[in-house]
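First comes the structure, then the notes that go with it.
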Amino acid sequence: MKYAVSTPTFEGPFELLLHLILRQEVDIHEVSLSNIITAYLEEVRHMKVIDLDLATEFLLIAATLIELKTRRLLPGKDDGDLDEELALWEERDLLLARLLDCKTFKDVASVFSDLVSRADLSFPRMAGPDESFAALMPDLLEGVSPLRLQRAFLRAAAPKPPTVIGLEHVAPIRASVAEALVTVTEQIRQEGRITFRRLVAGISDRIEIVVRFLAILELYKQGRVELDQIERFGEIEVIWQERESSETDEVAIDNYEG
Amino acid sequence: MQNEIFDESTGQNISGQEMSNLDPEIVRALEAILLVAMEPVAPALLAQLLEIPMTTVEALCERLAATYEDAGHGFQLVKVAGGFRFQSHPELAAYVERFVLDGQQARVSSAALETLAIIAYKQPLSRSQIAAIRGVDPEAVIRTLQNRGYITEVDRDDGPGQAVMFGTTPLFLERLGIASIDNLPSIADFVPDASVVEALERGLRVVSDDPLVPET
Amino acid sequence: MQNEIFDESTGQNISGQEMSNLDPEIVRALEAILLVAMEPVAPALLAQLLEIPMTTVEALCERLAATYEDAGHGFQLVKVAGGFRFQSHPELAAYVERFVLDGQQARVSSAALETLAIIAYKQPLSRSQIAAIRGVDPEAVIRTLQNRGYITEVDRDDGPGQAVMFGTTPLFLERLGIASIDNLPSIADFVPDASVVEALERGLRVVSDDPLVPET
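Chains as they are written, first to last, in my numbering: chain A, 1 to 258; chain B, 1001 to 1216; chain C, 2001 to 2216.
Encoded structure:
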């Protein structure tokens, strides 16, 4: 779990999201998903070293947020696909439930922390019986053979299995937001106007698609592209915005590797 | 077992009576045993060793604890992790800390505390259930907690994967200085209040920002 | 040493005066330290920790011991091996024996066995080397093993920290039914984890850097 976040208190994506939402709690009517997404991506960007599994989690949450956001921005006349609608609601509810859980257990943890601090003020007596009882003490090593001891040693000194599982599956993520930025920038610039569907054509990995979406969002934020979606859940079109100065030509790339 | 025979109040009365008839040696024996114990001693074991009812053990220990406190001793008798033990009085922590130096308890990180919180209230539960709540791969934290002896494999899931199920240990109770898992505050006390729920709901609302559209 | 300067009665008189000026907290602190101590605590160390003269420590301990005896407690404070310690009162030995025989859990934990194995194969080695291999604070386990007489301090490192080095005892060999440590099954073909090798090689340089185990 080697990662550092600019605010080191965030252990995971829920915690970060929770913080970002509750920070705006002062006036709940001011809570804005856009601000939250921006802040969220900002935090993710500032992570110095990022664990791959964790990166996946952060990105999946980001993707869900963006999905909610896109849905919110769209006019509510047309009802679209009911299934997709329900699925989105389901995802939102799931996220909400997780955030509530996260908040609950954070509060419990702080109570635990108080209990531990209090318990730390007392030290237990552990000296045991004095030596006059030594002969009576049952032998802890009853039934322990030299062979069992050897096995215990081998167990203790053996190389530990790597903690990260399914690495091969998420591995392509490592540099892909940065790479995706380069790739999509090139593609959009050439085409001038391109659908998101075409930008992710041939990519089957959900994470890769999320990463490309993030890349486009980044370009949108930088004012390099415009986004257009004619109907809800319809094609998203990405339109290149030509600039006068070439000084910003070099796209600022988020490097998730740190 | 005792509870079947005595209810709480009667039990206490009876042991009050019993105590006055008690051989003073029993009280001394109780002190002697507790002094040599290396971990909290369960009342059932004390009852067996001293050949007195468990309710009497509990009442005696409580009385002893009060006596020590009243006399202003530097040690105390407490019930922790289901048993009784001697420990230094928290008010003397500053002196004892100077003395034990390297016997100090390792700090518990906030990640570890949060994972412990989840396990304590939802046990038994599996790695993936923990991961789902934490939103982070809990493997490293689980291993630390297991190594420290705060959690243990308590079961295996019946399902196809036969996932390992984790639960808390008596050592966890000791670390928190509580007698039993039942002494933890109810999880209901921790459910976020309405304003938090509302803030979260608003933060994640799906419907358009258009004020004309009613929100749910 | 004190006896050379003061005879019993004079010593008591002098410290008697001093004691009346004593903060009662000092007495409580003394009790607290003695309670958590694993071994007899030398008066000199107590004097240093409590910031009082050694004569006062001796007098205080004697007074405490008398108080416990008069109050008929099941424990006593005695001076052994040049230090003071709590122990069970000899009159209650029968109960303590019963407790020791029936009460203690007589199975070695896997954590204890692994630590013992590491010490057996790699001795002598320090706390921090053990910690580095096990990846956890081994203090509690070391204490248990030391208590049971399976390991002992065999040496002190020459380095700046003068870390305590642990090794196994003749009792350990006896319990395992082997004549010498060389009779343990070979681990020659075994390739240990890189971190283990590193921990052993870095050896005592780890000591001073490792915040887990403050050595002084």
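Idealized CB from N, CA, C, for every residue including glycine.
Give me the chain C residues within the contact set of A/L149, using Cβ-Cβ distance strictly less than 9 Å, ordered along the chain.
Your numbering for residue 149 of chain A matches position 149 in the first sequence. Within chain C, the residues near A/L149 are L2113, L2116, A2117, A2120, Y2121, L2176, L2184, P2185.
Starting from B/F1084, trace the beta strand (DSSP E) both ways and give me its first and last residue.
-> Numbered from 1 along the second sequence, position 84 holds the residue referred to as residue 1084 of chain B. Judged by DSSP secondary structure, B/F1084 falls within the beta strand (DSSP E) whose first and last residues are 1083-1088.
Under 8 Å, Cβ to Cβ, is there at least one residue of chain C near B/S1110?
Start at 1 with the first residue of the second sequence, and residue 1110 of chain B comes out as number 110. With respect to chain C, the C-beta atom of B/S1110 has no partner C-beta closer than 8 Å.
Nearest-angstrom Cα distance between A/Q241 and B/P1192? Reading the first sequence from its first residue, position 241 is the one you call residue 241 of chain A. Reading the second sequence from its first residue, position 192 is the one you call residue 1192 of chain B. Cα to Cα, A/Q241 sits roughly 45 Å from B/P1192.
Practice prompt. Mind checking which residues open and close the beta strand (DSSP E) that includes B/R1175?
Written response: Walking along the second sequence from the start, residue 1175 of chain B turns up at place 175. Annotation: B/R1175 is outside any beta strand (DSSP E); the continuous alpha helix (DSSP H) that includes it extends over 1170-1176.
- chain A within 8 Å of B/Q1087, Cβ atoms only: Residue 1087 of chain B sits at position 87 when you count from the first residue of the second sequence. It does; some Cβ of chain A falls within 8 Å.
Between A/F133 and C/V2036, how many whole angstroms is the CB-CB distance? I'm expecting something under 8 Å. Locating residue 133 of chain A in the first sequence gives position 133, counting from the first residue. Locating residue 2036 of chain C in the third sequence gives position 36, counting from the first residue. In fact, because the Cβ distance is near 20 Å, the residues do not count as touching under 8 Å.
Less than 8 Å between the C-beta atoms of B/F1075 and C/A2093, yes or no?
Locating residue 1075 of chain B in the second sequence gives position 75, where the first residue counts as 1. Locating residue 2093 of chain C in the third sequence gives position 93, where the first residue counts as 1. The answer is no: Cβ separation not under 8 Å.
Margin query: Rounding to the nearest angstrom, what Cα-Cα distance links C/L2077 and B/F1084 in this structure?
Written below: Position 77 of the third sequence, counted from the first residue, corresponds to residue 2077 of chain C. Position 84 of the second sequence, counted from the first residue, corresponds to residue 1084 of chain B. Approximately 21 Å between the Cα atoms of the pair.
Neighbour flag for A/L121 against chain C, beta carbons, 8 Å: For this step, residue 121 of chain A is matched to residue 121 along the first sequence. No, A/L121 lies away from the interface with chain C (no Cβ there is under 8 Å from its Cβ).
- State the beta-bridge partners of C/G2167 as determined by DSSP. The residue labelled residue 2167 of chain C in the question sits at position 167 within the third sequence. C/G2167 is bridged by DSSP to C/T2152.
By a C-beta neighbour count over all protein chains shown, 10 Å radius and 16 as the cutoff for buried, is A/G128 buried or exposed?
Position 128 of the first sequence, counting from 1, holds the residue named residue 128 of chain A. By the 16-neighbour rule on beta-carbons within 10 angstroms, A/G128 is buried.
If you drop the 5 nearest sequence neighbours on each side, which residues of the same chain put their C-beta closer than 8 Å to that of B/E1139? As a first step, residue 1139 of chain B is located in the second sequence; it is residue number 139 there, counting from the start. Around B/E1139: R1127.
*Specify, as a first and last residue, the run of the alpha helix (DSSP H) that A/R260 falls within.*
Residue numbering for chain A in the displayed model covers 1 to 258; residue 260 of chain A lies beyond these limits and cannot be assessed.
### Query
Going by beta carbon distance, what residues of the same chain come within less than 8 Å of C/V2154, once the five residues before and after it are set aside?
What you label residue 2154 of chain C is simply residue 154 of the third sequence in a count that begins at 1. Q2123, P2124, M2165, F2166, G2167, listed in sequence order.
Q: Could you work out which residues of chain C lie near A/G128, taking near to mean beta carbons separated by less than 7 Å?
A: Stepping through the first sequence from its first residue, residue 128 of chain A is reached at position 128. Going along chain C in sequence order, the residues near A/G128 (Cβ under 7 Å) are N2147.
Q | A/I236: first and last residue of the uninterrupted beta strand (DSSP E) it sits in | A | Position 236 of the first sequence, counted from the start, is the residue given in the question as residue 236 of chain A. Segment 236-240, the beta strand (DSSP E) holding A/I236.
Should the stretch 1047-1063 of chain B be called in touch with the stretch 1020-1030 of chain B, which here means at least 3 C-beta pairs below 8 Å?
Verdict: yes, contact present.
Checklist entry - Shorter than 8 Å from the beta carbon of C/V2096 to some beta carbon of chain A? => result Position 96 of the third sequence, counting from 1, holds the residue named residue 2096 of chain C. It does; some Cβ of chain A falls within 8 Å.
Open item on the list: I need the boundaries of the beta strand (DSSP E) containing C/F2075, first residue and last residue.
Closed with: In the third sequence, counting from the first residue as 1, residue 2075 of chain C sits at position 75. Annotation for C/F2075: the continuous beta strand (DSSP E) segment containing it runs 2075-2080.
Residue range of the unbroken alpha helix (DSSP H) whose run includes B/L1035
Reading the second sequence from its first residue, position 35 is the one you call residue 1035 of chain B. Annotation for B/L1035: the continuous alpha helix (DSSP H) segment containing it runs 1024-1036.
task = Kindly say whether B/R1156, judged by its beta-carbon, lies nearer than 8 Å to any beta-carbon of chain A.
result = The count along the second sequence starts at 1 and reaches residue 1156 of chain B at position 156. Not an interface residue.
field: Extent of the continuous beta strand (DSSP E) run through A/D228
entry: Residue mapping note: residue 228 of chain A aligns to position 228 of the first sequence, counting from 1. Start and end: 225-229.
Run through chain A and tell me which residues come within less than 7 Å of C/Y2068, C-beta to C-beta. As a working note, residue 2068 of chain C is residue 68 in the third sequence. What C/Y2068 touches in chain A: nothing, since even the nearest Cβ is about 15 Å away.
Any C-beta of chain A within less than 7 Å: which residues of the stretch 2032-2044 of chain C qualify? So the list reads L2035, V2036, A2037, M2038, given in the order they occur along the chain.
Chain B beta carbons: is any one of them nearer than 8 Å to that of C/R2028?
In the third sequence, residue 2028 of chain C corresponds to position 28, counting from 1. By this cut-off, C/R2028 is an interface position.
Margin query: For the alpha helix (DSSP H) containing C/I2181, name the first residue and the last one.
Written below: Within the third sequence, the letter at position 181 stands for residue 2181 of chain C. C/I2181 -> no alpha helix (DSSP H), and no H or E assigned at all.
| field | Assigned exposure category for A/I239 - 16 Cβ within 10 Å defines buried | value | Position 239 of the first sequence holds residue 239 of chain A. Exposed, since its Cβ has fewer than 16 Cβ neighbours within 10 Å.
Measuring CB atoms only, is the stretch 2168-2182 of chain C touching the stretch 2142-2157 of chain C, in the sense that at least three cross pairs come out at less than 8 Å?
Touching, yes.
inquiry  = Using beta carbons (cut-off 8 Å, strictly below), is B/A1047 in contact with chain A?
reply    = Mapped onto the second sequence, residue 1047 of chain B falls at position 47. Closer than 8 Å: no.
Handout entry: Range of the contiguous alpha helix (DSSP H) that encloses A/F123
Key = Here residue 123 of chain A corresponds to residue number 123 of the first sequence, with the count starting at 1. First-last for A/F123: undefined, no H or E at that position.
Proximity below 8 Å, CB of A/E235 to CB of A/T183:
The residue labelled residue 235 of chain A in the question sits at position 235 within the first sequence. The residue labelled residue 183 of chain A in the question sits at position 183 within the first sequence. It is not a contact, given that the beta carbons lie outside the stated cut-off.
For C/D2102, which residues in chain B fall below 9 Å Cβ to Cβ?
Translated into positions along the third sequence, residue 2102 of chain C becomes position 102. For C/D2102, the neighbours in chain B by C-beta distance under 9 Å run, in chain order, L1045, Q1048, L1049.
Self-check item: Distance between C/R2028 and C/G2082 (C-alpha atoms, nearest Å)
Solution: Here the question's residue 2082 of chain C lines up with position 82 in the third sequence. Here the question's residue 2028 of chain C lines up with position 28 in the third sequence. Each residue's Cα considered, the two are about 21 Å apart.
How is B/S1110 classed by DSSP in three states: helix, strand or coil? Stepping through the second sequence from its first residue, residue 1110 of chain B is reached at position 110. In this structure, B/S1110 counts as helix in the three-state DSSP scheme.
Limits of the alpha helix (DSSP H) - the one that B/Q1203 falls within
Along the second sequence, read from residue 1 onward, the residue named residue 1203 of chain B stands at position 203. According to the sequence as given, residue 1203 of chain B is Gly; it is not Gln. 1194-1203 is the extent of the alpha helix (DSSP H) around B/G1203.
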